[in-house]
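Engineer: As you go down the protein sequences, you meet chains A and B in turn. The opening position of the first sequence corresponds to residue 1 in our numbering, with each subsequent residue numbered one higher. The opening position of the second sequence corresponds to residue 1001 in our numbering, with each subsequent residue numbered one higher. Don't be surprised by glycine CBs; every beta carbon is placed ideally from N, CA and C.
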Amino acid sequence: MFTADLPPITGPDVEYSLIAPILIITAAAVLGTLVEALVPRTRRFGVQAAVAVVGVLAAIGDTIWVYQSLDAVKGGGHSGRGQISTEGALSVDGPGVVTWLLLLVFALLSFLLFAERRLEGGLSAFTGRAADAPGSAGEAEATAARIEHTEVFPLASFALLGMMVFATANDLLTMFVALEVLSLPLYLMCGLARRRRLLSQEAALKYFLLGAFSSVFFLYGVALAYGYAGSFELGRIAVAVSSRTGSDTLLLASIALMAVGLLFKISAVPFHSWTPDVYQGAPTPVTAFMAAGTKTAAFVALLRVFFVAFGGATWDWRPTIWVIAVVTMFLGALVSIAQTDVKRMLAYSSIAHAGFLLVGFAGAYVGTTDRISSVSSVLFYLTVYGIATIGAFAIVTLIRDAGGEATHLSRWAGLGKASPFLAGSFALFMLSFAGIPLTSGFIGKWAVFSAAWSGGYWPLVVIGVLMSAVAAYFYVRVIVLMFFTDPVGDGPTIAVPSVLTTTVIAATAAATVFLGLVPGPMLDLAQHAGTFVR
Amino acid sequence: MLELAWLLVAVPLVSGLGLLVWGKEGDRVGHLIGTAASSFSFIVGLICFFQILGRDEGDRSYSKSLFTWIEAGPFHVDMAYTFDQLSGLFVLLITGVGTLIHVYSIGYMEHDARRRRFFAYLNIFIASMLTLVLASDYLVLFLGWEGVGLASYLLIGFWQHKDSAAAAATKAFVVNRVGDVGMALAIMLMFAQFGTTAISEVNVSVNAASTSTATALGLLLLLGACGKSAQVPLQSWLLDAMEGPTPVSALIHAATMVTAGVYLVVRSNGVFDASEAARNAVIAVGLVTLLAGAWIGCAKDDIKKALAGSTMSQIGYMMLAAGLGPAGYAFAIFHLITHGFFKANLFLGAGSIMHGMDDDVEMRHYGALRAAMPVTFITFLFGYLAIIGFPGFSGFFSKDKIIETAFGHSFWVGLGALVGAGVTGFYMTRMMMMTFFSEKRWKEDVHPHESPKVMTYPLIALGALSLLGGAMMLGGWITDFLEPVVGHAEHEELAIPAWLLSVLITLVVAVGVALSYVLYSREPIAAETPADESVSFFSRAGRHELYGNELNEAVVVRPTRHLTRFLVFLDGKGVDGFVTGLADRLGDASQLLRKPQTGFVRSYALSIFGGSLVVVLALLAARLA
């Protein structure tokens, strides 16, 4: 009788089947934490890797099922598929689910790199005991005892979870939480390198400090948006924006601050400065995961916020994005010329690619049946960029000397003679990055430029093409270095990897060629995904 | 058999390619296989020819499509062949003379280590030439056109260890390129104007096109023809091409390939019928070449080069006839065939002489060879009588008809052709005198002897054809036979009866012969070529091939070389300078831009903060502005 006096509590309405891929990854991450506690140390690494990989595989299967069961949405002049779920917290729509698929595939490839243990003589690329000071007796002891941090797998799974939620968040608070869920494990993982630990720890600290700094901008932007619209939900904000009810200053400040937080994650200029230091210091498999995954999740979140919530104010933010795209391409392409370290070079290349992606974004083109939309073009670009990036970093893990990975470019001279397969694959990734025809990168560039052109930003396209020419300069320079330059001294040592890394390199190289020659299916998938559901 | 006519091409092609890839084991039988392939084509060609002969006059053209070669929207090219009266005659000429030359080459190339390769090239040539004449589409024709060009290049440079041969091959290739560009442009023009490149359709569609289109098409085709047939202004390669083995000179550079230009003009009769300007250009080219070739033939002491000049001249006759329109097409083909017989005969004869004279080509080292080489002498004599147009021999009928038609067209053109006939008599008699008559001027250690039977039998066969080839004219057979292909023309009545003109021509030739006889029997012939200074301008110009090479050098080669040097300079200093300069500047800019990347978190945070301010202000400014 006591209960009858209370108002009835209705449980939240959750469409479990729609968000099952997220739940599977959550389960895998939680299970990984349990494994850490329960499974004996000697067997832990294998079990952890298996749990993570099986979780991702299951999630991939489920994501495909979810994608096929998405309902078409009509009305409001937009065609899309999917629905708002979980009481407005998540938007399980075409672009979102395709992004899940991308994230899961990138995670799968990265996890295979995480699990590689042959390169360090039976140990993983992660430090044995992160708490020990670099070079201390404890570190040596941990190495001798063959201790490993197997927590990287659940950590990475949590990060993956954050990315997936980030890309489909339909309200700004969920988005902020997801941002933190994806970021915190990454901060930690950045500091776990087995070799060059000081650099690694420095990178982790920098990433953490700057990440926290930028999160604050994002959060403040969220607060202002709430002040303007009275809601965190993207759809309601959109209604407020189009009815122009609140203060413009509030709206514009909100747009600007949220842009800062998101542009930081995709490493657009001038919020890019963390990227080279972190990419260089982090363990290379983590760099691969981060470069492909974070950029994908953050870019889709960026598109979602700006196209859905601020879609009524495109004329306010497009010029600013235009300028940021130009300076990002310009700085990324230009500064990479001066780099002497492969990982830093790839970091600047990643900045330049953020610029090219922003070109597609700035186009803000909704698309027709025969002209690709901004969302679809960005999705395609993210696919090809992510695949080539993971492949390139996988090769970086194999070029070694006594101190670990030999990342100085001069050590890569003459690689073509020593290992035609690796050098050839790396050259392929470089050509794809440069956007040379017959590689997937060309189609990707074509797609984003086409979307920007359709959106009326042809001068931006012209600048983009010029910048790709500049970028091609340093990509080709690496190829020249590998194939047409004599090695210095003994030349690099090429470590023989296990089947895991070999699989990753072969698969990414094959995908790069395939998507360059037969881009149709993937382009169809990206276009079929339609627009965001609001 | 007509539906199997593709075997004509396929068998020599397979044989040729097979001989090329077959290793040393093929050396023993390679020449036999090559000859068998060519003979096979001849037999197939003969059967096909009699089959179309057996048909009604209106039904003698047989076309068959093997497969679709190119399919692009409305544009469609079939890999198809047409065996009609014109291509039938060509097939017989190519495979007939070709087979004789194959047989001859067995003996001629006996001591050459690369004989198998030689026969492979010959087979490829036969296949390509047959593709050229059987093609139903200009694009397929072009395939054969380029194929014979390749075979010609390979065979001219067959003795590539000789620098002169390698250079001659290159020259032939490059000069032919100019013609090929004309040919390619012509095909593109057809495609652009008519949307088709099928020979029959183009020749019909051209009637509906503007005259300027027809003229452009005609001139482009003529350019192609000039290259392949060594007509002025693209004549310069033919004399150098004599660096190739003599059977090659006989087959490719006398009897067949060099006549492809004439074939092209006759085959494209619709185009030339539609444009008088193009026809006049053909006449002009033919007339100039026939006189120039004859002039060169008078002055050369190298027997093969003298014959090459003569070839130029005779093809000039054919070209002239082809330019006369429907009245002349049949005679062009008639002369082409008889010339194929007697010129192959003369070249193979020259080869036989060289064979006995230690490969010496200098006629001043010959003399009084008739006793040493009786068979060669008799057959050469037949060729001689045929080319000068001795009554009863094949050349008499064919040349006579051309000159007659030329007079029907214009007095001056006829006169030019008539003079050419006289000069032909002169230089051929000179050749006979220097080679077989006069006194011995042999070098020491040279013991002229008759060639083996494998070489003389083909000579005998060709000698007989030189005599009897005129039979094709009996009752005007060849004109009637070719009429469905080349069109009908009313016979033009001349001011004087035809027999009188024939007598006149014969008289003019006789004057040439007599002049030559007197000149070369009056005093002994010098065993060495007199210096340029001691001979007349006419001889000097002839020896220098009328300064064609010098002209090319001055007008084309040297300016091109200067242009190349200029472009290399521009590329090196200008383009490269710009590009590397740009790269350097980019590198500098890169060094400058990396400066803010200090590694300090505080400065990174500052840049983020500053960037945020800028973004906020920019958004506000955009709204306010």
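Which whole runs of the alpha helix (DSSP H) in the segment 1180-1245 of chain B are 4 residues long or more, in chain order?
Structural biologist: For the segment 1180-1245 of chain B, whole alpha helix (DSSP H) runs of length 4 or above, ordered along the chain, are 1199-1205, 1211-1229 and 1236-1240.
Engineer: B/Asp1445 to B/Leu1369, Cα distance in whole Å?
Structural biologist: Counted from its first residue, the second sequence places residue 1445 of chain B at position 445. Counted from its first residue, the second sequence places residue 1369 of chain B at position 369. Going from the Cα of B/Asp1445 to the Cα of B/Leu1369 covers about 15 Å.
Engineer: Can you tell me whether DSSP reads B/Trp1629 as helix, strand or coil?
Structural biologist: The structure shown does not extend to residue 1629 of chain B, since chain B is modelled only from 1001 to 1625, so the question has no answer here.
Engineer: Considering just the uninterrupted stretch of the alpha helix (DSSP H) at A/Thr99, what are its terminal residues?
Structural biologist: Here residue 99 of chain A refers to the residue found at position 99 when the first sequence is read from its first residue. Gly94 to Phe114 is the span of the alpha helix (DSSP H), which, as asked, contains A/Thr99.
Engineer: From what residue to what residue does the beta strand (DSSP E) around A/Ser85 run?
Structural biologist: On the first sequence, residue 85 of chain A is found 85 positions in, with the first residue counted as 1. It spans Gly80 to Ser85 - the beta strand (DSSP E) in which A/Ser85 sits, taken as one unbroken run.
Engineer: Since B/Val1615 meets chain A, which of its residues come closer than 7 Å, beta carbon to beta carbon?
Structural biologist: By 1-based counting over the second sequence, the position of residue 1615 of chain B is 615. Under the 7 Å cutoff, chain A gives Ala256, Ala259, Val260 and Thr320.
Engineer: Run down chain A in chain order and give the residues with a C-beta less than 9 Å from the C-beta of B/Gly1610.
Structural biologist: Counting from 1 along the second sequence, the entry for residue 1610 of chain B is found at position 610. What B/Gly1610 touches in chain A: Pro270.
Engineer: Count the other CB atoms within 10 Å of the CB of A/Thr368; is the residue buried (16 or more) or exposed (fewer)?
Structural biologist: As a first step, residue 368 of chain A is located in the first sequence; it is residue number 368 there, counting from the start. Label assigned to A/Thr368: exposed.
Engineer: Can you give the Cα-Cα distance for A/Met163 and A/Ile25, rounded to whole angstroms?
Structural biologist: To locate residue 163 of chain A, count along the first sequence from 1; it is residue 163. To locate residue 25 of chain A, count along the first sequence from 1; it is residue 25. Going from the Cα of A/Met163 to the Cα of A/Ile25 covers about 11 Å.
Engineer: Using beta carbons (cut-off 8 Å, strictly below), is A/Ile24 in contact with chain B?
Structural biologist: For the purposes of this step, residue 24 of chain A is identified with residue 24 of the first sequence, where counting begins at 1. No - not a single Cβ of chain B is within 8 Å of the one on A/Ile24.
Engineer: Does any residue of chain A bring its CB to less than 8 Å from the CB of B/Leu1002?
Structural biologist: Here residue 1002 of chain B corresponds to residue number 2 of the second sequence, with the count starting at 1. By this cut-off, B/Leu1002 is not an interface position.
Engineer: Between A/Gly77 and A/Asp171, what straight-line distance do the alpha-carbon atoms span, to the nearest angstrom?
Structural biologist: For the purposes of this step, residue 77 of chain A is identified with residue 77 of the first sequence, where counting begins at 1. For the purposes of this step, residue 171 of chain A is identified with residue 171 of the first sequence, where counting begins at 1. Any reading at A/Gly77 must be qualified, since the residue scores a pLDDT of 49, below 50, and its modelled position is unreliable; the value itself is stated next. Near 22 Å, if we compare the C-alpha coordinates of A/Asp171 and A/Gly77.
Engineer: Determine the direct distance from the alpha carbon of B/Glu1362 to that of B/Gly1515, and round the result to whole angstroms.
Structural biologist: Translated into positions along the second sequence, residue 1515 of chain B becomes position 515. Translated into positions along the second sequence, residue 1362 of chain B becomes position 362. Checking the displayed sequence, the identity of residue 1515 of chain B turns out to be Leu instead of Gly. Looking at the two C-alpha atoms, the distance is approximately 22 Å.
Engineer: On a CA-only basis, which of B/Leu1336, B/Ile1496 and B/Gly1227 is nearest B/Gly1470? Give me that one, please.
Structural biologist: The residue labelled residue 1470 of chain B in the question sits at position 470 within the second sequence. The shortest C-alpha separation from B/Gly1470 is found at B/Leu1336.
Engineer: Check whether the Cβ of B/Gly1599 lies closer than 8 Å to any Cβ atom in chain A.
Structural biologist: The residue you call residue 1599 of chain B lines up with position 599 of the second sequence. Chain A, which has a Cβ nearer than 8 Å to the Cβ of B/Gly1599, makes this yes.
Engineer: Classify B/His1488 as helix, strand or coil using the three-state DSSP reduction.
Structural biologist: Along the second sequence, one-based indexing puts residue 1488 of chain B at 488. Coil.
Engineer: Measuring only between beta-carbons, confirm whether A/Pro276 sits less than 8 Å from chain B.
Structural biologist: Reading the first sequence from its first residue, position 276 is the one you call residue 276 of chain A. A/Pro276 counts as touching chain B.
Engineer: Please report the straight-line C-alpha distance between A/Ser454 and A/Val448, rounded to a whole angstrom.
Structural biologist: Mapped onto the first sequence, residue 454 of chain A falls at position 454. Mapped onto the first sequence, residue 448 of chain A falls at position 448. Going by the C-alpha atoms only, they are around 10 Å apart.
Engineer: At a threshold of 7 Å, does B/Gly1157 count as lining the ligand SAH (C-beta to nearest heavy atom)?
Structural biologist: Within the structure as shown, the ligand SAH is missing, as the structure has no ligands at all.
Engineer: Is B/Leu1222 closer than 8 Å to B/Trp1206 when the C-beta atoms are compared?
Structural biologist: If you number the second sequence from 1, residue 1206 of chain B lands on position 206. If you number the second sequence from 1, residue 1222 of chain B lands on position 222. In the sequence under discussion, the amino acid at residue 1206 of chain B is Val, which differs from the Trp named in the question. The answer is no: Cβ separation not under 8 Å.
Engineer: Buried or exposed for B/Ile1047, please, with buried defined as at least 16 other CB atoms from any protein chain shown within 10 angstroms of its CB.
Structural biologist: Here residue 1047 of chain B is taken as the residue at index 47 of the second sequence, counted from 1. Within 10 angstroms of the beta-carbon of B/Ile1047 lie fewer than 16 other beta-carbons, which makes it exposed.
Engineer: Any Cβ of chain B within less than 8 Å of the Cβ of A/Val335?
Structural biologist: Numbered from 1 along the first sequence, position 335 holds the residue referred to as residue 335 of chain A. True, the Cβ-Cβ gap to chain B drops below 8 Å.
Engineer: Under 7 Å between beta-carbons, which chain A residues line up against B/Arg1623? List them in chain order, please.
Structural biologist: The sequence position of residue 1623 of chain B within the second sequence is 623, counting from 1. Among the residues of chain A, those whose CB is under 7 Å from the CB of B/Arg1623 are Asp248, Leu252 and Asp316, following chain order.
Engineer: In angstroms with no decimal places, state the Cα-to-Cα distance between B/Asp1027 and B/Arg1116.
Structural biologist: Along the second sequence, one-based indexing puts residue 1027 of chain B at 27. Along the second sequence, one-based indexing puts residue 1116 of chain B at 116. For B/Asp1027 and B/Arg1116, the distance between alpha carbons rounds to 6 Å.
Engineer: Can you look up A/Tyr457 in the DSSP assignment and give me helix, strand or coil?
Structural biologist: Locating residue 457 of chain A in the first sequence gives position 457, counting from the first residue. Annotated three-state conformation of A/Tyr457 is coil, per DSSP.
Engineer: Given that a residue counts as buried once 16 or more other Cβ atoms are within 10 Å of its Cβ, and exposed if not, what is A/Gln68?
Structural biologist: In the first sequence, residue 68 of chain A corresponds to position 68, counting from 1. Classification of A/Gln68: exposed, given that the 10 Å Cβ count is below 16.
Engineer: Pairing CB atoms from the segment 216-230 of chain A with CB atoms from the segment 251-258 of chain A, are three or more of them under 8 Å?
Structural biologist: yes
Engineer: Give the residues of chain A in contact with B/Arg1594, contact being defined as C-beta atoms less than 7 Å apart.
Structural biologist: Locating residue 1594 of chain B in the second sequence gives position 594, counting from the first residue. Chain A residues near B/Arg1594: Val335 and Ala338.
Engineer: Which residues, taken in chain order from the segment 1564-1594 of chain B, show a beta carbon closer than 8 Å to some beta carbon of chain A?
Structural biologist: Ala1583, Leu1586, Gly1587, Ala1589, Ser1590, Gln1591, Leu1593 and Arg1594
Engineer: Is the segment 129-149 of chain A touching the segment 420-427 of chain A, taking contact as three or more C-beta pairs under 8 Å?
Structural biologist: no
Engineer: When you check each C-beta in the segment 469-481 of chain A against every C-beta of chain B, which residues fall closer than 7 Å?
Structural biologist: Val470 and Tyr473
Engineer: In terms of DSSP beta bridges, what is A/Gly598 paired with?
Structural biologist: Outside the shown range of chain A (1 to 534) lies residue 598 of chain A, about which nothing can therefore be said.
Engineer: Can you tell me which of A/Ala352, A/Thr502 and A/Thr275 puts its alpha carbon nearest to the alpha carbon of A/Met290?
Structural biologist: Within the first sequence, residue 290 of chain A is the residue found at index 290, counting from 1. Comparing Cα-Cα distances from A/Met290 to each of A/Ala352, A/Thr502 and A/Thr275, the minimum goes to A/Thr275.
Engineer: If you follow the alpha helix (DSSP H) that B/His1355 is part of, which residue opens it and which one closes it?
Structural biologist: By 1-based counting over the second sequence, the position of residue 1355 of chain B is 355. For B/His1355, the enclosing alpha helix (DSSP H) stretches over residues Pro1326 to Gly1356.
Engineer: What do you get for A/Tyr228, buried or exposed, if any count of 16 or more other CB atoms within 10 angstroms of its CB means buried?
Structural biologist: Indexing the first sequence from 1 puts residue 228 of chain A at position 228. With 16 or more other Cβ atoms within 10 Å, it is buried.
Engineer: Does A/Thr531 come out as helix, strand or coil in the three-state DSSP assignment?
Structural biologist: The count along the first sequence starts at 1 and reaches residue 531 of chain A at position 531. Correct three-state label for A/Thr531: strand.
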